[in-house]
Every structure is written in structure tokens, then in C-alpha cells.
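In our numbering, the protein residues as written are 45 to 411. Reviewing the structure listed below.
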Amino acid sequence: MQTLKVDLGERSYPIHIGEGLLDRPELLTPHIVGRQVAIVTNTTVAPLYLERLTATLAGYNVLPVVLPDGEAFKNWETLQLIFDGLLAARHDRRTTVIALGGGVIGDMAGFAAACYQRGVNFIQIPTTLLSQVDSSVGGKTGINHPLGKNMVGAFYQPAVVLIDTLSLRSLPERELSAGLAEVIKYGLICDEPFLTWLEEHMDALRGLDPQALTLAIERSCAAKARVVGADERESGVRATLNLGHTFGHAIETEMGYGVWLHGEAVAAGTVMALEMSARLGWISSADRDRGIRLLQRAGLPVVPPEQMDEACFMAHMSVDKKVLDGRLRLVLLRRIGEAVVTDDYPQEVLKATLVADYPALVDQLRG
Ligand code: NAD
Ligand code: GLY
Numbered sequence: 045m046q047t048l049k050v051d052l053g054e055r056s057y058p059i060h061i062g063e064g065l066l067d068r069p070e071l072l073t074p075h076i077v078g079r080q081v082a083i084v085t086n087t088t089v090a091p092l093y094l095e096r097l098t099a100t101l102a103g104y105n106v107l108p109v110v111l112p113d114g115e116a117f118k119n120w121e122t123l124q125l126i127f128d129g130l131l132a133a134r135h136d137r138r139t140t141v142i143a144l145g146g147g148v149i150g151d152m153a154g155f156a157a158a159c160y161q162r163g164v165n166f167i168q169i170p171t172t173l174l175s176q177v178d179s180s181v182g183g184k185t186g187i188n189h190p191l192g193k194n195m196v197g198a199f200y201q202p203a204v205v206l207i208d209t210l211s212l213r214s215l216p217e218r219e220l221s222a223g224l225a226e227v228i229k230y231g232l233i234c235d236e237p238f239l240t241w242l243e244e245h246m247d248a249l250r251g252l253d254p255q256a257l258t259l260a261i262e263r264s265c266a267a268k269a270r271v272v273g274a275d276e277r278e279s280g281v282r283a284t285l286n287l288g289h290t291f292g293h294a295i296e297t298e299m300g301y302g303v304w305l306h307g308e309a310v311a312a313g314t315v316m317a318l319e320m321s322a323r324l325g326w327i328s329s330a331d332r333d334r335g336i337r338l339l340q341r342a343g344l345p346v347v348p349p350e351q352m353d354e355a356c357f358m359a360h361m362s363v364d365k366k367v368l369d370g371r372l373r374l375v376l377l378r379r380i381g382e383a384v385v386t387d388d389y390p391q392e393v394l395k396a397t398l399v400a401d402y403p404a405l406v407d408q409l410r411g
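Structural data, given as C-alpha cells:
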């Protein structure tokens, strides 16, 4: 087992990464304050892992809260089900909310923990690759609004993150690919050697090679912990973690939550960020193509939806959380391994990026 630390002073917490950690009570119980525990999970994950986690928590008063599965349920109505469960079972301020599932469950359970009786103890047990490398670390919690992705939420850090890499064995291939989009992101924004490593190990990762997966998770969590430790509330460098997300969130919202997976939308959005960085002359077209090829090898879509035109993208992007004083800030690449957040770009370049011929761009990679 490897343990990393998110360094946030008295709110610092460990990230444990390893095989079979779901069965290790000694990693969880030091972070549980009272006797009451609510495990928030969903109808897909519950049959796979709920019983095991409940057995690990023997001696505690465990309340399972099983939500419907899917991004389309990341909303007020589903959040209310968590409060309904906690109140009906008389959970008090010393309860611990545990998120057992992917990023949707983690974001919703965390938001519920932040709000319930003005804040109760919270633990993340992420079970998708995406949630293990990104969403479980850093304390962003929340729900979607019909007009915008993740628009309602709170920063609320967990007490511990427990990553059992064996849980990835039950993950559908499409979901594994979605997680790889966020893994590739770290290489692009802050770790060029990791990008090279990913190019060498992409087949092993997709084949669920345990060593490769563990290394990719550790390296991703280390990058995320570093960035969050430096800028918890996203006043600066943390925004670079959103490479491809402004374009990607527009795709998710326009297509309907859950139609494109979050990681898929981020992948196509990352291609757009690469294209814009190349159009600005910051990266070469060879670097852009390097990023696109890796995303493709991860099994991800690299072309935005055909029906989304410039006006459609702009309408969604104008409500992005990175809009400040009416100016849209974008995460772009100065070079591979270095991202910047900037509103200092010619509008024509953004416009050209939104209307670029992505199918043709991808076709030329085959040549
Ligand atoms: P998800 O939570 O929808 O999980 C994907 C699917 O896999 C679901 O059907 C889920 O039930 C299933 N699943 C989960 N674990 C499984 C397992 N071990 N075996 C089989 N099936 C399993 O999606 P996700 O990709 O994990 O997370 C996406 C969400 O995370 C989005 O809502 C996104 O906005 C959010 N997110 C948040 C942050 C953050 O910092 N808080 C960062 C990135 C993404
Ligand atoms: N996933 C972006 C962040 O945590 O800031």
C-alpha cells in the first residue's frame, strides 16, 4: 500500500492506494468520529461492494443510502434522498458519510456531508478510475443544474481517501477509458515525463495491468494533491486541472447529462484546447497531434459532437465557473507539461477553434 498526503494544515488527509483496502478496517476507523455511518452508494455499486464495506465496519451502526445510478441523477431530488435517509435514521452531527462509488456519488455524498446539520464527517471510497485519480481528492463537491454542470456545490474535504485498485476489475471498459482522460490531463498540464510513460503503457493500462494502474493512480493523485495543497479554493493554479473542461462541460450539458460520459466530454474538450493552443502558436501541431493520438489510444472520442456550433458552445461556456467579470478564462497549454489559465487570447482564435474541422484533423493523423 502507498499513502500520499493532501497537505491542508489541520485539514490534511491521507490517500491510501492499494489492493484489497476495502477489507482493511484499520484504515477507516481512525477517521470515524461516532458510531453512526451512512454509506452513500448507487444501484450498480451496492451489489458489488456494499456488503464488504459493511462487514469492514462491523460494530458501527451502518445506514446504506442507495441512490439511482447516473449523471442524470446528480441533482437536488437525489441529494434530498440522502438527507431523507439521514434524518429518518436519526443521524446526528457525529455521523460519518462515506461515498462508495464513482465521481457522481462522491460529489453528491460530499455535498450532502457539507450541508447536513451544517457539516458532518466525510470519507471518500472511489471505485472508478476517474474518481480515484481526480474527483475523490481535493474537496470539490456538488450537483448539476439544468443550465450548467457542477454549478451548485461546496468545497468540503474528506477525512481520508481509500483507493482499492481491485475495484477497477468490475469497471466497464468505457468507464476505464473515461478515467484515462483525466490521467492524460496530468501529463499534459504538469508532467511531460508522465505523458511519455503513458504513451509507453497505454495498452497495459487498458488491459488492467495492476502495476501500471497503481503507478498511474499514484502519479495522478500526487499531482492533484500538490495542486490542491497549493490552491485549495481555485484562485490560481488549481484551475489548470480543468484542461478541456470548459469545452467538455458545454458538451455534457448540451448533449444531456450522462449521454457523453464526463471523461469522454473532457477528452473531446482537451482536443479543442490542444487545437486552440496550437492556433495561438504556443504548441506545435506535432504536440497537438501527440495529445490527440494518446486520447484516441485510450479509447476516447476526439471529435466534438457534430451538432454543436459556435453559438451553442458560446452559450454554454458563458456560464462556466471560470468566467470572471464577463471574460471567459480558458486553460491552454504553453507547452506540453505546462498549462496556463488565461483570458488573454484573440476572440477570432477561440471562434476558429470552435468551428475547426475536427474530423479532418483526426483523419490526417491516419496518414
Ligand atoms: P460515475 O460516478 O457516473 O461512475 C461511472 C459508472 O460506473 C456508473 O454507472 C457507476 O455506477 C459505475 N461504477 C462505479 N464504480 C464501479 C465499479 N467498481 N465497477 C462497476 N461499475 C462501477 O462517473 P465517474 O466517471 O466516476 O465520475 C464522473 C463525475 O465526477 C462527474 O459528475 C464529474 O463532474 C465529477 N468530477 C468531479 C471532480 C471533482 O473534483 N469533484 C473531478 C472530476 C469529475
Ligand atoms: N477536477 C478539477 C479540480 O478538482 O479542481
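We treat Cβ as the ideally placed atom computed from N, Cα and C, and that holds for glycine.
(message) Considering only the alpha carbon of each residue, which of Ser279, Leu398, Leu338, Thr209 lies closest to Lys365?
(response) Indexing the sequence shown from 1 puts residue 365 at position 321. Relative to Lys365, the option among Ser279, Leu398, Leu338, Thr209 whose CA is nearest is Ser279.
(message) So, with DSSP's three-state summary, where would you put Asp407?
(response) Reading the sequence shown from its first residue, position 363 is the one you call residue 407. Helix at Asp407.
(request) Specify, as a first and last residue, the run of the alpha helix (DSSP H) that Gly62 falls within. (result) Against the sequence shown, residue 62 aligns to sequence position 18. Unbroken run through Gly62 is the beta strand (DSSP E), 57-62; no alpha helix (DSSP H).
(request) Give every residue of the same chain whose Cβ lies closer than 8 Å to the Cβ of Leu97, excluding the five residues on either side of it in the sequence, and list them in chain order. (result) The sequence position of residue 97 within the sequence shown is 53, counting from 1. Excluding sequence neighbours, Leu97 sits near Leu66, Ile83, Ile142, Leu144, Ile169.
(request) Spatial neighbours of Tyr389 within its chain, please: CB distance less than 8 Å, with the 5 preceding and 5 following residues excluded, ordered by chain position. (result) Working through the sequence shown from its first residue, we reach residue 389 at position 345. These residues qualify, in order along the chain: Met320, Leu324, Leu374, Leu376.
(message) Helix, strand or coil, according to DSSP, for Arg162 in the structure here?
(response) As a working note, residue 162 is residue 118 in the sequence shown. The DSSP-derived three-state label of Arg162 is helix.
(message) Between Glu278 and ligand 2, is there a pair consisting of the residue's CB and a ligand heavy atom that are separated by less than 7 Å?
(response) Walking along the sequence shown from the start, residue 278 turns up at place 234. Yes, the beta carbon of Glu278 sits closer than 7 Å to at least one heavy atom of ligand 2.
(request) Would you kindly check if the distance between the Cβ of Gly231 and the Cβ of Val239 is under 8 Å? (result) Here residue 239 refers to the residue found at position 195 of the sequence shown. Here residue 231 refers to the residue found at position 187 of the sequence shown. For clarity, residue 239 is Leu in the given sequence; the question names Val instead. In this structure, Gly231 lies closer than 8 Å to Leu239 by Cβ.
(request) Quick one: grab the DSSP three-state call for Asp333. (result) Residue 333 sits at position 289 when you count from the first residue of the sequence shown. Of the three classes helix, strand and coil, the one that applies to Asp333 here is helix, per DSSP.
(message) According to DSSP, simplified to helix, strand and coil, what is Ile169?
(response) One-based indexing of the sequence shown puts residue 169 at position 125. The answer is strand: DSSP assigns Ile169 an E or B state.
(request) Whole angstroms is fine: what's the gap from Thr100's alpha carbon to Ala156's? (result) Taking the sequence shown and counting its residues from 1, the one referred to as residue 100 is at position 56. Taking the sequence shown and counting its residues from 1, the one referred to as residue 156 is at position 112. In a straight line, the C-alpha of Thr100 is about 23 Å away from that of Ala156.
(request) Tell whether a beta-carbon distance below 8 Å holds between Ile126 and Ala153. (result) The sequence position of residue 126 within the sequence shown is 82, counting from 1. The sequence position of residue 153 within the sequence shown is 109, counting from 1. The answer is yes: Cβ separation under 8 Å.
(message) With the cut-off set at 8 Å, would you say Ile261 and Leu242 are in Cβ contact?
(response) If you number the sequence shown from 1, residue 261 lands on position 217. If you number the sequence shown from 1, residue 242 lands on position 198. Contact: no.
(message) Assuming contact is defined by CB atoms lying nearer than 8 Å, are Glu276 and Leu48 in contact in what I supplied?
(response) Residue mapping note: residue 276 aligns to position 232 of the sequence shown, counting from 1. Residue mapping note: residue 48 aligns to position 4 of the sequence shown, counting from 1. No. Outside cutoff.
(message) Taking 7 Å as the cut-off, is the beta-carbon of Asp364 closer than that to any non-hydrogen atom of ligand 1?
(response) As a working note, residue 364 is residue 320 in the sequence shown. No.
(request) Just mark Met45 as buried or exposed, buried being the case when its beta carbon has 16 or more other beta carbons within 10 Å. (result) The count along the sequence shown starts at 1 and reaches residue 45 at position 1. Classification for Met45: exposed.
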